[in-house]
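In terms of the UniProt record's numbering, the sequence shown opens at residue 1 and continues consecutively.
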Amino acid sequence: MATRSVVLDTETTGMPVTDGHRIIEIGCVELIGRRLTGRHFHVYLQPDRESDEGAIGVHGITNEFLVGKPRFTEVADEFFEFIKGAQLIIHNAAFDVGFINNEFALMGQHDRADITQHCSILDTLMMARERHPGQRNSLDALCKRYGVDNSGRELHGALLDSEILADVYLTMTGGQTSLSLAGNASDGNGSGEGADNSATEIRRLPADRQPIRIIRASEEDLAQHIARLEAIAKSAGAPSLWQQLAEAKAQA
């Protein structure tokens with residue numbers, strides 16, 4: 001069964017949580033089997049306190065905007081059902097997990113006040129620090145490093161940041177990060193002087209896009225392919241690489 005992951009981000013009135021700061025925005029997107037499903041959870045919250053000016057400068061969510069928004073108690077069950085049992089992918093997980101646990105604790109829901117008992121946690125900041133020691137590993141820095149488009153990120157926002165983090169995570173864990181197949185080097189391998197080794201920008205495709213059409217080889221195509229391999233083998237005096245691999249697979 002494909003792994004279900006939820007990429008999650010929060011915005012808060014400030015920090016630390018021990019000073020009474022609260023969550024004001026939660027954004028989550030769902031991944032199943034490394035594919036964005038299009039399902040998401042997003043809500044702004046009334047925190048019953050004002051945000052620090054410094055925090056507003058980061059996320060741009062004003063106290064006036066939050067008037068009339070639901071409180072965490074009103075969305076807690078829906079939120080918990082969305083994340084329950086999933087692998088949570090979070091950048092700097094200790095921050096977000098601490099605030100989420102606090103919100104459940106304030107409700108008296110102590111069975112939910114440690115979400116690590118209900119979800120596994122993958123911290124992309126820790127992952128990035130292991131892969132790129134001594135370098136900047138903020139979300140913006142990772143976007144630049146991996147060629148992920150964050151042009152719409154003038155301010156932090158929980159849903160936008162979770163979507164961007166999903167792209168970063170998939171690129172970080174997918175192996176190849178540069179889609180360039182050729183550079184400007186004279187030897188043709190893209191590694192010489194003047195070569196452009198920057199990663200090709202990764203852009204998200206909509207989850208509801210039409211599936212790619214798969215065109216399978218016909219019997220005639222397969223016959224022509226076999227004939228071509230036999231011609232190569234006759235010319236080279238030995239079976240082609242494709243034939244050798246097919247024989248090895250058949251004997252395995």
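No residue lacks a Cβ here, since even glycine has one placed at the ideal position from N, Cα and C.
Item                                                                                                                                         : Value
Can you tell me where the alpha helix (DSSP H) with R145 in it begins and where it stops?                                                    : 139 to 146
Per DSSP, C28 is paired with what?                                                                                                           : L8, F41
Pull up the distance between the alpha-carbon of M15 and that of I214, whole angstroms please.                                               : 51 Å
By how many angstroms is the C-alpha of G38 removed from the C-alpha of R71?                                                                 : 25 Å
Does R35 come out as helix, strand or coil in the three-state DSSP assignment?                                                               : strand
To the nearest angstrom, how far is the alpha carbon of R136 from that of L142?                                                              : 8 Å
Can you tell me which of the three DSSP states L122 falls into?                                                                              : strand
Exposed or buried, which one is T62 when buried takes at least 16 other CB atoms within 10 Å?                                                : exposed
How would you write the range of the alpha helix (DSSP H) that Q224 sits in, first residue to last?                                          : 219 to 236
I'd like to confirm the pairing. Which residues does DSSP put opposite I100 in its beta bridges?                                             : Answer is none; I100 lacks a bridge partner.
On the DSSP bridge assignment, give the partners of Q251 in chain order.                                                                     : Paired residue(s): none; Q251 is not in a bridge.
Less than 7 Å between C-beta atoms, sequence neighbours within five positions excluded: which residues of the same chain meet that for Q243? : L229, A233
Tell me where the alpha helix (DSSP H) around L160 begins and ends.                                                                          : 158 to 172
Quick check: I56 and V6, are their CB atoms within less than 7 Å of each other?                                                              : no
Have a look at K144, A248, L8, I100 and flag the residue whose alpha-carbon is nearest the alpha-carbon of D114.                             : I100
Of the residues M172, E81, E11, T3, which one's Cα is nearest the Cα of D161?                                                                : E11
Which word fits A86, buried or exposed, when buried means at least 16 other C-beta atoms lie within 10 angstroms of its C-beta?              : buried
What is the DSSP secondary structure of Q87, reduced to helix, strand or coil?                                                               : strand
Would you give the residue range spanned by the alpha helix (DSSP H) that V58 belongs to?                                                    : 53 to 59
Could you give the DSSP three-state label for I23: helix, strand or coil?                                                                    : strand
Return helix, strand or coil for Q243, following the three-state DSSP convention.                                                            : helix
Determine the closest residue to L139 out of S235, D52, Y169, D48, with distance taken between C-alpha atoms.                                : Y169
In angstroms, rounded to a whole number, what distance separates the CA positions of Q251 and A231?                                          : 23 Å
Taking C-alpha atoms, which residue in N92, R129, E130, D19 lies nearest to I121?                                                            : N92
Tell whether a beta-carbon distance below 7 Å holds between L241 and G27.                                                                    : no
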